[in-house]
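Before any comments, here is the structure.
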Amino acid sequence: MRLLIVEDDDLLGDALATGLRQLGHAVDWFGDGAQADAALAGAAFDVVVLDLGLPRGDGMLWLRRWRGRGLLLPLLILTARDGVEQRIEGLDAGADDYLVKPITIDELAARLRALVRRSAGQAQAAWQHGALEYDPATKAVRWQGQPVELTGRELALLEALMAQSRRVLSKAHLLEKLYDWSGSEPESNALEVHIHHLRRKIHPSIVRTVRGVGYALGSGEGAA
Ligand code: CA
């Protein structure tokens, strides 16, 4: 999934971005709310991690602004402000979770998985789609009960397709889920290559091509 981190502490921001990338996520990290605000318009993020003590505009201000604008993305506050009233204020302003520093990457990642799982309409920790099973915590994929070995990008692609399994997703949208702005531009056929691998490793019809629109998760049954 694609994460947006707003954190002005360089050491912490770098540690979060690095740690979450190592867990297979695409991560974009910004030091203030205005940059994050611009980023929100530029890519299909799955979840926001928001610090409160930020330069050029407090995190609470940005949270209220985003929710006021109708932004539905799951958002987790990660802050040093540990008062009960501050937690209540944050949650009431539209945060979905509130974590007090210091935290471990593992706990943050688990909470982000829980938020995204719920927004994807999945109640169970492991996601199901027909004979396909995916556990975002362990990255384990099973097809008809058998384990399937996927690379990091293939996992991210499968996750993006499963998170919106009833929708046709554009190529641009899927690329945004796979590649953050930190690395070099992906090859022009990168998405097609990953799709080809998913079909080969799972089932030829596990990804449907919708001509001129994009891709959707398929049934994995019948002809491709
Ligand atoms: Ca701060």
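Mind the numbering: the sequence shown is residues 2 to 225 in our numbering, read in order. Beta carbons: idealized from backbone N, C-alpha and C, even for Gly.
- Nearest C-alpha to residue 10 among 27, 33, 28: 33.
- Remark: the shortest separation between the CB of residue 153 and any heavy atom of ligand 1 does not fall under 6 Å.
- Contact residues of ligand 1 (beta-carbon closer than 5 Å to any heavy atom; chain order) are 9, 52, 54.
- Rounded to whole angstroms, residue 127 and residue 168 show a C-alpha spacing of 20 Å.
- Under the three-state reduction of DSSP output, residue 114 falls in the helix class.
- Counting only the Cα atoms, residue 163 lies some 28 Å from residue 31.
- Bridge partners of residue 145 according to DSSP: none are assigned.
- Where residue 123 is concerned, there is no enclosing beta strand (DSSP E), because DSSP gives it neither an H nor an E.
- Collapsing the DSSP output to three states places residue 78 in a strand.
- Using a Cβ-Cβ distance cut-off of 8 Å, the segment 41–49 and the segment 11–21 are not in contact, since fewer than three pairs of beta carbons, one from each stretch, lie closer than that value.
- Taking 8 Å as the upper bound for CB-CB distance, residue 27 and residue 135 are not in contact here, some 17 Å apart.
- Boundaries of the alpha helix (DSSP H) around residue 22: 11–23.
- Of 69, 7, 111, 12, the smallest CA-CA separation from residue 39 is found for 7.
- Here the C-alpha atom of residue 99 lies approximately 11 Å from the C-alpha atom of residue 84.
- Judged by their CB atoms, residue 172 and residue 192 are nearer to each other than the 7 Å cut-off.
- In the structure shown, the three-state DSSP call for residue 217 is strand.
- Under DSSP, residue 3 forms a beta bridge with 27.
- Within the model, the alpha-carbon separation for residue 109 versus residue 116 is close to 11 Å.
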